[in-house]
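Q: Below you'll find the structure I mean.
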Amino acid sequence: KRTPSACYFDHLPIYVPFKDAKKPSDMKELPPHHWIPEHSKAKLRTLRKNAKWLYENTDYAIFGMSGAGIFEMAIYLLGFENFFLSLKRNKGVIERAVELLLEHNKGELRKYLDAVGDYVQVVGIGGEDLGGQTGPFIDPKNWRELFKPSIKELVDMIKSRGCYVMIHSCGSIKPFIQDFIDIGIDVWNPVQISAKDMDPRELKKEFGDEITFWGGGCDTQHVLPFAPPEKVKEHVKELVEIFKPGGGFVFNQVHNVQPQTPPENIVAMFEAVNEARKY
């Protein structure tokens with residue numbers, strides 16, 4: 056749920072259906088719940104109508120978000136404690152959670168693509184936050200074994216409709232970027248440059264020829280809320296100059312603008328982009 060400020064999400068562990076699951080057979084089917092996205096017929100009709108109008112009446116690139124990913128949803132199903140203990144004790148529990156989520160997500164993605172696939176150019180996969188401020192949440196070897204194949208299936212479904220694929224993955228996740236590229240992901244968001252090992256120059260140098268950065272344009276943790284406007288402009292211009300050579304950069308600040316951010320700093324951010332965007 057959202058807090059009254061509408062700036063953060065509270066993930067409350069009120070309903071964790073598989074928190075006591077000790078073996079795969081304890082998870083027979085995916086339970087219905089509001090945080091597992093489902094597309095109703097009415098919603099799909101509205102999405103198709105809106106996407107068609109944008110396609111026919113604007114020159115915008117149209118982005119669509121089909122629903123949740125796999126990694127975070129598996130944590131919500133099992134709970135943090137059971138999830139991370141199962142990584143050590145019984146990977147079969149996680150494999151079953153992934154199996155259930157993949158089956159559900161493929162069905163919802165198929166409906167979504169049937170509705171809007173002729174009109175959108177980029178489709179996003181969300182709920183794959185693989186890192187925190189100081190490093191990955193999961194050993195990359197475990198992610199490659201347990202989650203990478205399922206994400207590739209979703210990527211392949213999207214690409215079969217001629218769309219580019221964006222993945223949303225926060226935090227210090229440098230060890231996973233080459234994996235994203237290997238399975239066909241075209242765009243990565245939000246590029247959390249404020250996290251450990253996420254130096255923008257290194258990211259651009261190592262991966263800039265193979266993946267588009269959608270984000271990383273302004274640090275919303277330390278700079279945008281607190282620096283004076285002139286420092287915000289310097290910061291943004293520097294980052295644009297780092298990311299823009301050769302293309303492959305969609306400007307966006309790193310995730311949500313924080314509630315205490317002065318309006319003049321937001322104006323300064325966009326002024327800086329407009330001044331630095333030209334080649």
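Numbering (this note's numbering), first residue to last: 56 to 334.
Cβ coordinates follow ideal geometry from the N, Cα and C atoms, glycine included.
#1: Name the residue from C218, I222 and I297 whose alpha carbon lies nearest to the alpha carbon of D254.
#2: Below 6 angstroms CB to CB, which residues in the same chain sit around Q188 once its five sequence neighbours on both sides are set aside?
#3: Using C-beta distances below 7 angstroms, list every residue in its chain close to I248, excluding the 5 sequence neighbours before and after it, in chain order.
#4: Can you grab the Cα-Cα spacing for the pair G172 / I180, in whole Å?
#5: To the nearest angstrom, how far is the alpha carbon of G134 from that of V71?
#6: Start and end of the alpha helix (DSSP H) containing G119?
#7: Helix or strand or just coil, what does DSSP make of V178?
#8: Is the beta carbon of G124 sitting closer than 8 angstroms to the one on G186?
#9: What are the start and end residues of the beta strand (DSSP E) that includes N244?
#10: According to DSSP, is A327 part of a helix, a strand, or is it coil?
#11: Suppose only complete runs of 4+ residues qualify. What are the alpha helix (DSSP H) ranges in the region 109-176, listed by chain order?
#12: What is the rounded straight-line gap between the Cα of F235 and the Cα of P86?
#13: Are the region 284-304 and the region 205-214 touching by the rule of at least three beta carbon pairs closer than 8 angstroms?
#14: Is the region 91-101 touching the region 159-172 in the sense that three or more CB pairs, one from each, lie closer than 8 angstroms?
#15: So, helix, strand or coil for I321, using DSSP?
#16: Under the three-state reduction of DSSP, which class applies to T101: helix, strand or coil?
#17: Can you tell me whether K56 is buried or exposed, with buried defined as 16 or more other CB within 10 angstroms of its CB?
#18: Decide if the region 133-147 is in contact with the region 97-111; the criterion is three or more beta carbon pairs, one per stretch, under 8 angstroms apart.
#19: Name the residue from T267, I238, I240 and D237 whose alpha carbon lies nearest to the alpha carbon of V246.
#20: For L201 and V153, I'd like the C-alpha separation in whole angstroms.
#21: For the beta strand (DSSP E) that H290 lies in, which residues bound it at each end?
A: This is what the structure gives:
#1: In this structure, I297 is the residue among C218, I222 and I297 with its C-alpha nearest to the C-alpha of D254.
#2: Same-chain partners within the cutoff: A250.
#3: These residues qualify, in order along the chain: P255, G271, D274 and V309.
#4: Going by the C-alpha atoms only, they are around 15 angstroms apart.
#5: If I take the Cα positions, the gap works out to 6 angstroms.
#6: Not the alpha helix (DSSP H): G119 falls in the beta strand (DSSP E), residues F118 to M120.
#7: Of the three classes helix, strand and coil, the one that applies to V178 here is strand, per DSSP.
#8: No, Cβ-Cβ distance for G124 and G186 is not below 8 angstroms.
#9: Start and end: V242 to N244.
#10: It is helical.
#11: For the region 109-176, whole alpha helix (DSSP H) runs of length 4 or above, ordered along the chain, are 126-133, 135-144 and 146-171.
#12: Straight-line Cα distance between these residues: approximately 29 angstroms.
#13: For the pair of segments examined, the region 284-304 was found not to touch the region 205-214: the number of CB pairs separated by less than 8 angstroms stays below three.
#14: Yes, since at least three Cβ pairs between the region 159-172 and the region 91-101 fall closer than 8 angstroms, the two stretches touch.
#15: Correct three-state label for I321: helix.
#16: Helix, per DSSP.
#17: For K56, the predicted model reports a pLDDT of 49, less than 50, meaning its position is unreliable and no value from the coordinates is stated.
#18: In this structure the region 133-147 does not lie against the region 97-111, because fewer than three pairs of beta carbons, one per stretch, are closer than 8 angstroms.
#19: The residue with the shortest Cα to Cα distance from V246 is T267.
#20: Distance between L201 and V153, taken at the CA atoms: about 8 angstroms.
#21: Residue range P284 to F298 is occupied by the alpha helix (DSSP H) that includes H290, with no beta strand (DSSP E) assigned at that position.
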